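Chains as they are written, first to last, in the working numbering: chain A, 1 to 382; chain B, 1001 to 1382; chain C, 2001 to 2331; chain D, 3001 to 3331.
Glycine is no exception: its CB is placed at the ideal position from the N, C-alpha and C atoms.
Quick caveat, the model's predicted, so the values are computed rather than measured.
Below is one structure, written out as structure tokens, with a few remarks after it.
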Ligand SMILES: Cc1ncc(C[n+]2csc(CCOP(=O)(O)OP(=O)(O)O)c2C)c(N)n1
Ligand SMILES: Cc1ncc(C[n+]2csc(CCOP(=O)(O)OP(=O)(O)O)c2C)c(N)n1
Ligand SMILES: [Mg+2]
Ligand SMILES: [Mg+2]
């Protein structure tokens, strides 16, 4: 283990905040119905239940690697609650609370974690199932920030085609260093794309602190380089996230173009299950940010408002458990990908010679025959 | 020819200016000796003579394509006059006045335009010739903005090695849209690289106006996204360019890091000899900017200061003519690249099998033999 | 292919592609032109000339100067139902967008389990012979063809170009459409003024023959045609047209008949497309071969300076040497 | 190679590379480590572990998260006398820096007429078998090896890795140094604790044999070794070690002797490195061949999901099939 660790200063809390760390709201509170607030609460509770379960599954070897959004859950749900049916999301891998808010099929995500091919999952859990979310979710960007560029192009296309859909995309603060981030914001600014671009600043890009990603004091101020408005918000405050992002969504929908929103939070856990953050940082900042936990704050607020009682809390917890277990069961029922799926969804139309030969080779191997001897080659002219 | 052309508004002249369009200086004028000012003048005059000559050569078919810096010459010389021996320049293709200011061998540039391999030129015009510039010039970035990233890395290396050299780099406003520009500024900001990054905003990227490159009002303000200071200067005002860039160089040299300088000018000519700008724009803006011509303004200033007389003007013009003609003659004396040079300067050490085979093939062809029949193959084990 | 065509006009490669683009834009409002220097200027080679006037700035969109931005946003556009026709001004600039190409263009369809296709056409100027600047003469088809899940096509004639452009735009696959700069104005031929479609994955036998199969594409087809005249052999000339997927049937059928094969390309030799074709032919037809497959290629160096590019690029003479080599080969 | 070495320690691929890096850093102050997640964390695979503690933040530099920024600035650093050792965390992210790779890393030396070399080592994790996420298992050596003017090497053992790392860093050429993730901790062997250098362009005959030449590199060497045990043939196993330039002499000498050749790689088949090796062998040794060269490869698809990657990647069984194929071939 390295002796020298990063020692990072406390990040500035000069940002939009509604919910005090205590859970008391100050200033104007967005006008949201209690039922809707409960739905946000539920999304966070279920996200934790889900991610705690996937971490356990990873430890048991059921899946090879997974990441958590612990401590950052206010962002996904707060931001996506500002969307409406017909909108689109190009997420990163830490907005699960938003997926759950929109009823994205949990089992599908889990089956993906098991390593099943998208083909297998799609075929097994058809896209037109009843609880299909009204918001379209694209796969998260494995190549960091590539999804932000896609999102801007997607929004441009909607605009060109006269749709009023809004596109929302998320990326980590580390990923703002990629050329794709620059391209995305630049095109967004030039073409006034109806897009909301959210930078989740959780302080770390695996082992590299946010201070290594930019010389600017905040990520929000990067907006001005592209002629966009930027906002910086307490990412652990679901009310503030909702409010700020709602304004950005309204701007986008009314044709005024994109907004960059920096949600400040902290990665209180390891980067993912392959990581051990104690190697490169001490726990001081994380400990501090745990005191700003978004669920604790929101719970306190809802309790203070009389929306949540000990009883409903328990009920939500029980339902969350049942919910994720059902999803896990459904996910486990997805049949393993068959080897042939690897050839699916490459090119459309007649399979090429190479595809026919290679499919036949695989088939021969599966049957225990020598694929190179087998007389399966389509040969010339056949 | 297209019927629809771009119609672009006048660019904002909200920038640092010392020399009024009339050639009268207002405010504080940088303290530069008359001889030095004359050297600047000379560099611009010779640049025009040189570029006029290369345009003629291109028309005659002596070279395939060339670009001009006409109307933008104050930038190269004004900026590079702020450098000192030991500094480095990573230019674009429009800073010829700066090259001439530092006595970069003109014949070498011209031989390159003739299409000779760098190898041929280097061998013929040795690097240690007497007029070797005291500032190191790297080749300009054919892949736009790639040189900006190199420059920042180069400056970082100097800093790490304890050198006090300053690196200066130039790029067009169009090229700020490339990921390389983002990378360069971002690394410069994070590592406080001793680098001066100059965006030459001449309004056009071939046929695309600057308004298509960014949603921001200026290119200078992009600096803040990277925690860098930015300045915007009248690029047709050699005094203002010198003054602004001098401050940036001083910052860099004293360890305070990079500065972004936007030099506002206008491409009053075609992009290069393959271009016909009348296809996509009318001449209105160009005509206006011709009234701001940097040489006319500087000439008027020098005349007003009594530094330049009709006589010295004539003398400079004659010398410029002789100078570029001598360079052309020297360049023409560079022998054509021999075909074998194509293999030079790839990998060092023992030539590989492929290289030996292919060199022999080329040799056979040059001798009129069938390269594939010839018994030149080193074969295995030889 | 299309026998109902009646009117024809003399077109060169540029005007034929332009005609294909125009007709597709008129046919389908989802088709847009996308890239830099494609609007009022009509492309630095004038391939999109007139389209801005005809279809306006919403359909012919000049972008910021970033290849990666262009390709990456085009992926998002294609996901949302547009069919962007992206211009890469030169192949040498395309490298800047290679991340989006490999990981998004070539992957989104599979990644979404077939829910999101990426129907886009990437027009890319390539090839040498016009003595321009560095990186303006690249011929790295290998980088494209080694990427799965994209089509890579290369017409060599105006007639092919128009029909293949229409087919590329209508394809639901991402298609890289290679345009050889030197061929742009090299020759004119009568091309149907109406719409027609040509196959994207079939090679074309330009001239049948029995002694030796010569395989070429793009600008090398013309050089091969010149070479034919000077050799003492009955050449079967195949214009490959599709680099991915390869039309292996046509290749093998021909070489089985002739017993000899020469592959010609401007690409560097090592791992150029000729390597794959040579491997395929030898693997499948060893017992029919009268000589090893001969690769006639450029050398394994960076594209050289203007004064030496003629020695770098294959030409009719080098192709002739290649044909003579396989004709004279004795075991 | 180095006979004066006395002390040895058990090392795996990671610790052997780490030892090579540490010794080169100690030897030459121009050597720096450069990339993201290489400092206090010591790399996500711990290859640079301890170097930050030992050499400090001026020599082990964590960068912003941009592959293109890392590679592009490293070019500038190399021009100014440093010898950056760049880490590409995974080959799949390298595509983002392909513009800088092809046009600057591989070109600056020639472009400056030999005045500015670019001595850098690009460490790149590659290969499948660890069932990670998409784009973390790439094997696209072709994109590297088709680029002229760079070396591409791939050690398969800890011993090779340490000596080749030292040689890569000392080379004045840009060197891509491929590290196979699955091999990182696969096995340990005694490795000299002292410095030593191994050749960057020589293949190694791991086991001599007379019936068939099997060529592999990286993780496939181990699979080939397993396959040898199950075949009824005397295999000559060549560990290629250098993908660019190829050690053609060693390959041809071996196949001339055995008359049979099998090339194994994780890369996709079409235009994978096996295409070039197959073409070269057939071109040069047609009359010696007892069977066509057999390519044992992955399939021409995107790297598949975790549940099917074992069917995609070649393994000992598939290699065995390949050997049996060439052994049983009859004209
Ligand atoms: C282009 C690219 N480079 C590197 C990686 C490897 N990687 C995956 S996550 C990660 C850190 C991302 O940090 P950040 O953007 O801040 O997001 P966070 O994980 O903090 O949510 C890295 C380096 C990748 N997936 N893609
Ligand atoms: C990466 C890349 N893309 C495209 C080009 C082609 N190209 C050469 S110059 C140019 C315009 C550049 O405009 P700008 O950066 O404003 O510089 P200017 O020519 O105005 O000085 C273009 C598109 C290139 N050389 N490199
Ligand atoms: Mg982060
Ligand atoms: Mg410009």
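Check                                                                                                                                                                                                 : Outcome
Over what stretch of residues does the alpha helix (DSSP H) that includes residue 1363 of chain B continue unbroken?                                                                                  : 1353-1366
Does the Cβ of residue 31 of chain A lie closer than 6 Å to at least one heavy atom of ligand 3?                                                                                                      : no
Does residue 3238 of chain D come out as helix, strand or coil in the three-state DSSP assignment?                                                                                                    : strand
For residue 242 of chain A versus residue 78 of chain A, is the C-beta spacing smaller than 7 Å?                                                                                                      : yes
Going by C-alpha to C-alpha distance, which of C:2006, C:2248, C:2295, C:2160 sits closest to residue 2013 of chain C?                                                                                : C:2160
So within the stretch 2001-2059 of chain C, which uninterrupted beta strand (DSSP E) runs reach at least 3 residues, ignoring any that extend past its ends?                                          : 2008-2011, 2031-2035
Does residue 3119 of chain D pass the burial test, meaning 16 or more other C-beta atoms within 10 Å, or should it be called exposed?                                                                 : buried
If you drop the 5 nearest sequence neighbours on each side, which residues of the same chain put their C-beta closer than 7 Å to that of residue 107 of chain A?                                      : 125, 327, 330, 331
Taking 6 Å as the line, does the beta carbon of residue 204 of chain A fall inside it for any heavy atom of ligand 3?                                                                                 : yes
Would you verify that the beta carbon of residue 2276 of chain C is, or is not, closer than 7 Å to some beta carbon of chain D?                                                                       : yes
Taking 7 Å as the CB-CB cut-off, is residue 3118 of chain D touching chain B?                                                                                                                         : no
Taking C-beta pairs closer than 9 Å, name the residues in chain B that residue 3039 of chain D reaches, listed in chain order.                                                                        : In chain order: nothing, as chain B lies at least about 13 Å away.
Using a beta-carbon distance below 7 Å, is residue 1262 of chain B in contact with chain C?                                                                                                           : no
So does residue 2032 of chain C have its beta carbon nearer than 6 Å to some heavy atom of ligand 2?                                                                                                  : no
With a 10 Å radius around its C-beta and 16 neighbouring C-beta atoms as the bar for buried, classify residue 1333 of chain B as buried or exposed.                                                   : exposed
Residue 2265 of chain C to residue 1146 of chain B, Cα distance in whole Å?                                                                                                                           : 29 Å
Does the beta-carbon distance from residue 5 of chain A to residue 282 of chain A come in below 7 Å?                                                                                                  : yes
Take every Cβ of the stretch 186-204 of chain A, pair it with every Cβ of the stretch 1202-1209 of chain B, and state whether three or more of those distances are shorter than 8 Å.                  : no
Run through DSSP, which three-state label would residue 2124 of chain C get?                                                                                                                          : strand
For residue 346 of chain A, which residues in chain D fall below 9 Å Cβ to Cβ?                                                                                                                        : 3300, 3301, 3302
What residues in the stretch 2094-2105 of chain C have a beta carbon less than 7 Å from any beta carbon of chain F?                                                                                   : The chain inventory of the structure shown lacks chain F, comprising the protein chains A, B, C and D.
Check whether chain C comes within 7 Å of residue 1051 of chain B, counting only Cβ atoms and requiring the distance to be less than that.                                                            : no
Would a check of beta-carbon distances place residue 2023 of chain C closer than 7 Å to chain B?                                                                                                      : no
Looking at the structure shown, is residue 3335 of chain D part of a helix, part of a strand, or coil, going by DSSP?                                                                                 : Here chain D comprises residues numbered 3001 to 3331, so residue 3335 of chain D is not present and cannot be evaluated.
Any Cβ of chain C within less than 7 Å of the Cβ of residue 3074 of chain D?                                                                                                                          : no
Where in the stretch 1072-1097 of chain B do unbroken runs of the beta strand (DSSP E), each at least 3 residues long, occur, reported from the N-terminal end onward?                                : 1088-1090
Counting pairs of beta carbons, one from the stretch 1161-1181 of chain B and one from the stretch 347-357 of chain A, are three or more of them closer than 8 Å?                                     : no
Just to make sure I have the definition right: I need the residues of chain C whose C-beta is within less than 9 Å of the C-beta of residue 1198 of chain B. Which are they?                          : Under the 9 Å cutoff, chain C gives no residues; its nearest Cβ is about 17 Å from residue 1198 of chain B.
Taking only three categories from DSSP, how would you classify residue 385 of chain A?                                                                                                                : Here chain A has residues from 1 to 382 only, and residue 385 of chain A is not among them.
Look up residue 3225 of chain D in the DSSP assignment and say whether it is helix, strand or coil.                                                                                                   : helix
Would you kindly check if the distance between the Cβ of residue 2214 of chain C and the Cβ of residue 2224 of chain C is under 7 Å?                                                                  : yes
Excluding the 5 residues flanking residue 3184 of chain D on each side, which residues of the same chain have their C-beta closer than 6 Å to its C-beta?                                             : 3013, 3014, 3045
Could you give the uninterrupted runs of the beta strand (DSSP E) lying entirely in the stretch 3244-3308 of chain D, keeping only those of 3 residues or more?                                       : 3261-3268, 3294-3298
Does residue 1099 of chain B come within less than 7 Å of chain D when only Cβ atoms are used?                                                                                                        : no
Could you name the residues of the same chain whose beta carbon sits closer than 7 Å to that of residue 2259 of chain C, not counting the 5 residues immediately before and after it, in chain order? : 2288, 2289, 2290
Please tell me whether, using a cut-off of 6 Å, the distance from the CB of residue 1173 of chain B to the nearest non-hydrogen atom of ligand 4 is below it.                                         : yes
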